[in-house]
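J.: Each residue of the sequence shown is one higher than the one before, counting from 42 in our numbering. Virtual Cβ for every residue (Gly too), placed ideally from N, Cα, C. Got a structure for you, questions after.
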Amino acid sequence: MLQHSTEQQSRTTTARGKKLMATKTVTPPEKLYECEVKRRRVRAGGGYEPFWKVKTVAEAVVDGDTEFRCKDCHGALKLAKRQSAEGTKAHVEHKSKTDAEYCAGSTVFKEAAHGSAPRLSANPVV
Ligand SMILES: [Zn+2]
């Protein structure tokens, strides 16, 4: 609460002449910790069939999974390998910015100002 009111004050001050704060337009980087990975299982009639399994990104990395997709919009994901000093947890991001902005599970969706409902990826991974 204290921090909040301090922020309000500084906004009022900046509005009176100084440069406006840019915090409203900055979208934090996307961090998804769950994804779907492509696995194969034995088909009832023989042979194998692919299926998508939801798991955490950390698990997928340990298991050596190579095919990922978003569990919400089925869009392509990329594995983020950046590590910070604190040791960032393994996570994924949408390859397509458009997918991210329309994905129900994305943090970017909540920031996007298009006002549209979430939808599936235009180029889903199957
Ligand atoms: Zn998605």
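1) Could you tell me which uninterrupted beta strand (DSSP E) segments, each at least 3 residues in length, are contained entirely in the segment 73 to 100, listed from first to last along the chain?
2) Helix or strand or just coil, what does DSSP make of V133?
3) Cutting at 6 Å between CB atoms, please list the residues of its own chain near Q50, excluding the five before and the five after it.
4) Just the Cα atoms here: how many angstroms apart are H135 and K112?
5) Give the single residue among K130, V103 and R80 whose Cα lies nearest to the Cα of Y74.
6) Could you round the C-beta distance between S157 and H115 to whole angstroms and report it? I think they count as a contact, below 8 Å.
T.: On the basis of the supplied data:
1) Entirely contained in the segment 73 to 100, the beta strand (DSSP E) runs reaching 3 residues are, in chain order, 75 to 83 and 89 to 97.
2) As a first step, residue 133 must be located in the sequence shown, where it is residue number 92. DSSP places V133 in strand when its eight states are reduced to three.
3) Here residue 50 is taken as the residue at index 9 of the sequence shown, counted from 1. With a pLDDT of 48 at Q50, under the threshold of 50, the predicted position of this residue should be treated as unreliable, and no value is reported.
4) In the sequence shown, the residue the question calls residue 135 occupies position 94. In the sequence shown, the residue the question calls residue 112 occupies position 71. Roughly 11 Å separates the two Cα atoms.
5) Locating residue 74 in the sequence shown gives position 33, where the first residue counts as 1. Taking each of K130, V103 and R80 in turn and checking the Cα distance to Y74, the smallest one comes out for K130.
6) Taking the sequence shown and counting its residues from 1, one reaches residue 157 at position 116. Taking the sequence shown and counting its residues from 1, one reaches residue 115 at position 74. So it is not a contact: roughly 17 Å between Cβ atoms.
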